[in-house]
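Take a look at the structure below.
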Amino acid sequence: MQFTYYGQSCFNINFKTYNLLFDPFISKNELAKEIDIDKIEADYILISHGHFDHIDDAVSIAKRTGAKVICNFEVGSWLEKQGVENIHQMNTGGKWKFEFGTVKCVNAIHSSSMPDGTYGGSAIGFILSSDEKNIYYAGDTALTMDMQLIAMQYSIDLCILPVGDNFTMGYEDAVEAAKMVKTKKAIGVHFDTFGFIKIDHQKVKSYFSENNIDLTLPKIGETIEI
Ligand code: NI
Ligand code: MN
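Right under this line is the structure:
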């Protein structure tokens, strides 16, 4: 399986032949200028919450690709008003089997509102389970004891965690999150895009390795085997 990074919390993971695109925010990300948004393929688009740095390009990519958008109820209703037709609405605690595997929506401790200020419902994270791998994408969240529930129900091969601090948990809490979900492999996202979330890569990587967790801080445009 491959993970391709598009900056902030936007990335693609292929499950079998299906391309899953997460939290599309590319065209307004200064650091992601090299990415040609029109070349991004998506069969599914998963959106963790309504903040602009997770949804800004969702409408255009959804309309161009016809991808099915997986998101909470309120985000789905907002997308419908923007003319997006292929939407699967879920909410915290719910799971559903799709062609590529099962998605479960889990708690994220964060706020959510849509780009026009309307109510965005609860922010969520996703657990993706398939015959190949179980992956936890935390979305934007604080560290929460709820993450222990994930390890009780799933054997997580990889967790994708925000590490930028200020708006989400920082790297120290992200290490605790990886420990709670009992995985040794993590990818960091939600860093460097804005001044408040700029991180010292070496310091963050060292802290993870001191705690025996293999962390990748992907470069924008980079594809890594997972
Ligand atoms: Ni957010
Ligand atoms: Mn965010």
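Here this note's numbering is used: the first residue of the sequence shown is 7, the next is one more, and so on. No residue lacks a Cβ here, since even glycine has one placed at the ideal position from N, Cα and C.
Per the C-alpha coordinates, the member of His116, Lys87, Leu26, Cys165 positioned closest to Glu105 is Leu26. A residue is called buried when at least 16 other Cβ atoms come within 10 angstroms of its Cβ; Asn35 meets this threshold and is buried.
Between Tyr11 and Ile226, the C-beta gap is smaller than 8 Å, which places the two residues in contact. Gly126 is the residue among Pro168, Gly126, Asn140 whose C-alpha sits nearest the C-alpha of Ser83. Look at Phe173: its beta carbon is less than 7 Å from one of the heavy atoms in ligand 1. Residue nearest to Asn20 within the set Ala157, Gly194, Ser135, Gly170 is Ser135 (criterion: CA-CA distance). With fewer than 16 other Cβ atoms from the protein chains shown falling within 10 Å of its own Cβ, Thr108 counts as exposed. Taking a cut-off of 5 Å from the heavy atoms of ligand 1, the residues with a C-beta inside it are His57, Asp146. For Asp220, the enclosing beta strand (DSSP E) stretches over residues 220 to 222.
The three-state reading of DSSP puts His94 in strand, counting E and B together.
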